[in-house]
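**Q** Note that the sequence shown covers residues 531 to 648 in our numbering. The beta carbon of each residue, even a glycine, is placed where N, CA and C say it ideally should be.
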Amino acid sequence: MVKYWRENGVNIVLYLDDGLGMDEGYKNCKDTSEFVKSSLKLAGFIVNEEKSIFEPVQCLEWLGLIWDSKGFILKVPEHRTNETKDSLDIILKLFSNLNARLLAQFAGRIISNVTSYG
Numbered sequence: 531m532v533k534y535w536r537e538n539g540v541n542i543v544l545y546l547d548d549g550l551g552m553d554e555g556y557k558n559c560k561d562t563s564e565f566v567k568s569s570l571k572l573a574g575f576i577v578n579e580e581k582s583i584f585e586p587v588q589c590l591e592w593l594g595l596i597w598d599s600k601g602f603i604l605k606v607p608e609h610r611t612n613e614t615k616d617s618l619d620i621i622l623k624l625f626s627n628l629n630a631r632l633l634a635q636f637a638g639r640i641i642s643n644v645t646s647y648g
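(1) Taking the continuous alpha helix (DSSP H) assigned at E537, which residues delimit it?
(2) On the CB-based measure, 16 or more other CB atoms within 10 Å of its CB, does V577 come out buried or exposed?
(3) Examine the Cβ distances between the region 627-647 and the region 610-618 and report whether three or more of them are shorter than 8 Å.
(4) When the Cα of S599 is compared with those of C559, N627, N643, M531, which residue comes out closest?
(5) Do you know offhand how far T562's Cα is from F575's?
So this is what it looks like as structure tokens:
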């Protein structure tokens, strides 16, 4: 599908079953979105309308990050930052009795946010 879309001028990225497309201007975005949606249905895919965003937006959360095309910003959602801080607080409180699971959980949170931390 990605090859087909790109051959038809669609700027799109897919990760498993999550996709992100971009275009210039509202009308182009809307047309591209409708093209992708209709081609998915024609190919026999079941589109989850509740989870999907086919209306053009300039800011959304995708793959756990906030993508802001208006401000050219990629950032970690506040709830994920708070979860990382909470994990660190627990590690500091339990430092003398720290177990591998808690340390691995904290490391995983840092690694999952590395793309936006820089």
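**A** On the basis of the coordinates in this document:
(1) Translated into the one-based positions of the sequence shown, residue 537 becomes position 7. Run containing E537: 532-537, per the alpha helix (DSSP H) assignment.
(2) Here residue 577 refers to the residue found at position 47 of the sequence shown. Flag for V577 reads exposed.
(3) yes
(4) Taking the sequence shown and counting its residues from 1, one reaches residue 599 at position 69. Comparing Cα-Cα distances from S599 to each of C559, N627, N643, M531, the minimum goes to C559.
(5) Taking the sequence shown and counting its residues from 1, one reaches residue 562 at position 32. Taking the sequence shown and counting its residues from 1, one reaches residue 575 at position 45. In a straight line, the C-alpha of T562 is about 17 Å away from that of F575.
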